[in-house]
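Right, one structure below, let's go through it.
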Amino acid sequence: MLRIDVVTIFPAMVDGPIRDGIVGRAVEAGLARIDVHDLRTFTEDRHRTVDDAPFGGGPGMVMKAEPFFRARETVLPAGPGPRDAVVLLSPRGVPFDQAAAERYAQLDRLVLLCGRYEGIDERVREGVATEEVSLGDFVLTGGEVAALAVIEAAVRLIPGALGDEGSAGADSFADGILDCPHYTRPAVVRGQGVPDALLSGDHGRIRRWRRKEALRATRRRRPDLLSTARLSAEDHSLLRELEDEETTAGVVHAAAYEDLGQ
652 MLRIDVVTIF
662 PAMVDGPIRD
672 GIVGRAVEAG
682 LARIDVHDLR
692 TFTEDRHRTV
702 DDAPFGGGPG
712 MVMKAEPFFR
722 ARETVLPAGP
732 GPRDAVVLLS
742 PRGVPFDQAA
752 AERYAQLDRL
762 VLLCGRYEGI
772 DERVREGVAT
782 EEVSLGDFVL
792 TGGEVAALAV
802 IEAAVRLIPG
812 ALGDEGSAGA
822 DSFADGILDC
832 PHYTRPAVVR
842 GQGVPDALLS
852 GDHGRIRRWR
862 RKEALRATRR
872 RRPDLLSTAR
882 LSAEDHSLLR
892 ELEDEETTAG
902 VVHAAAYEDL
912 GQ
């Protein structure tokens, strides 16, 4: 069972969302346990202070280091082991990705540290966290939303968490590329139909169409992924088809443009 601890000054921001959906069902089934800790309980002063002015001056307040040290010592008294991770959620961290979610899903203990204000005392990164993770190149008001994203991405990969065990393997990024388009009933919505391949009943044709469209989406939207994706010989053949289609479309477009010019 994966045990997750979230350390935050706003426990209610995390408590509600983890009760619903796949995460809530996984907890109910005993596949995961999630405990949310109020950072203020790890302070010693009567005002339960978790922040202070930055040394050297500057705008905003900085979260104090000591409460985070105490929180880690409470949830992991012996310190993090080889199957534990203490993750500081920060815009300075390495990008969170599917590979990280897969690694977290296999841990015994995952501790997520949520920051606020101008930042967190650097000694938390150096002495408490085992790694620092970011959702992307943007800044959130706090780490709670990021923690929820990490929780959902990891928990849904725990065996038994999804109703259909094949779902996770078909996700975007599962094998390094984006997912294919999906359609459901009715077959026509406001004049827009469903690709013929999906209505053909030919499983081989459907599988090939899905793979080709997944590669098309990746090539158009995230071409950087293709350099590291696990591509088969068929994938390379499909990519060549896509290149040929784009070349043909470009020639047709150019010819049409010339005709309009005349």
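Residue 756 in the numbering used here sits at position 105 of the sequence shown; the count goes up by one each step and never skips.
For each residue, glycine too, the CB sits at the ideal point set by N, CA and C.
In three-state DSSP terms, what is residue i?
i, result
"residue 832", "coil"
"residue 782", "strand"
"residue 692", "helix"
"residue 853", "coil"
"residue 883", "coil"
"residue 725", "helix"
"residue 743", "strand"
"residue 801", "helix"
"residue 840", "strand"
"residue 874", "helix"
"residue 809", "coil"
"residue 895", "helix"
"residue 668", "helix"
"residue 825", "coil"
Residues in its own chain within less than 7 Å of residue i by CB, not counting five upstream and five downstream?
i, result
"residue 864", "831 and 832"
"residue 845", "834 and 838"
"residue 735", "727, 758, 759 and 760"
Hey, residue i and residue j are a contact pair by Cβ (cut 8 Å); roughly how many whole angstroms apart?
i, j, result
"residue 718", "residue 693", "4 Å"
"residue 706", "residue 779", "Residue 706 to residue 779, Cβ: 19 Å. No contact."
"residue 739", "residue 701", "Contact doesn't hold; Cβ gap of about 15 Å is too wide."
"residue 760", "residue 660", "That pair is no contact at about 21 Å."
"residue 893", "residue 828", "Rounded, the Cβ-Cβ distance is 12 Å, inconsistent with contact."
"residue 802", "residue 669", "6 Å"
Quick one: what's residue i bridged to in DSSP?
i, result
"residue 714", "702 and 771"
"residue 683", "653"
"residue 736", "761"
"residue 919", "The shown model of the chain, from 652 to 913, leaves out residue 919, and the question about it has no answer."
Might you give, ordered along the chain, the residues of its own chain that have their beta carbon closer than 8 Å to the beta carbon of residue i, omitting 5 neighbours on each side?
i, result
"residue 709", "769"
"residue 684", "652, 653, 654, 655 and 678"
Name the residue from the options whose alpha carbon lies nearest to the alpha carbon of residue i.
i, options, result
"residue 682", "897, 664, 840 and 757", "757"
"residue 606", "764, 728, 675 and 750", "This structure leaves residue 606 out entirely; the chain is present only between 652 and 913."
"residue 662", "806, 794 and 851", "794"
"residue 808", "696, 755 and 891", "755"
Which residues in the same chain have their Cβ closer than 6 Å to the Cβ of residue i, if we skip the five residues on either side of it in sequence?
i, result
"residue 799", "668"
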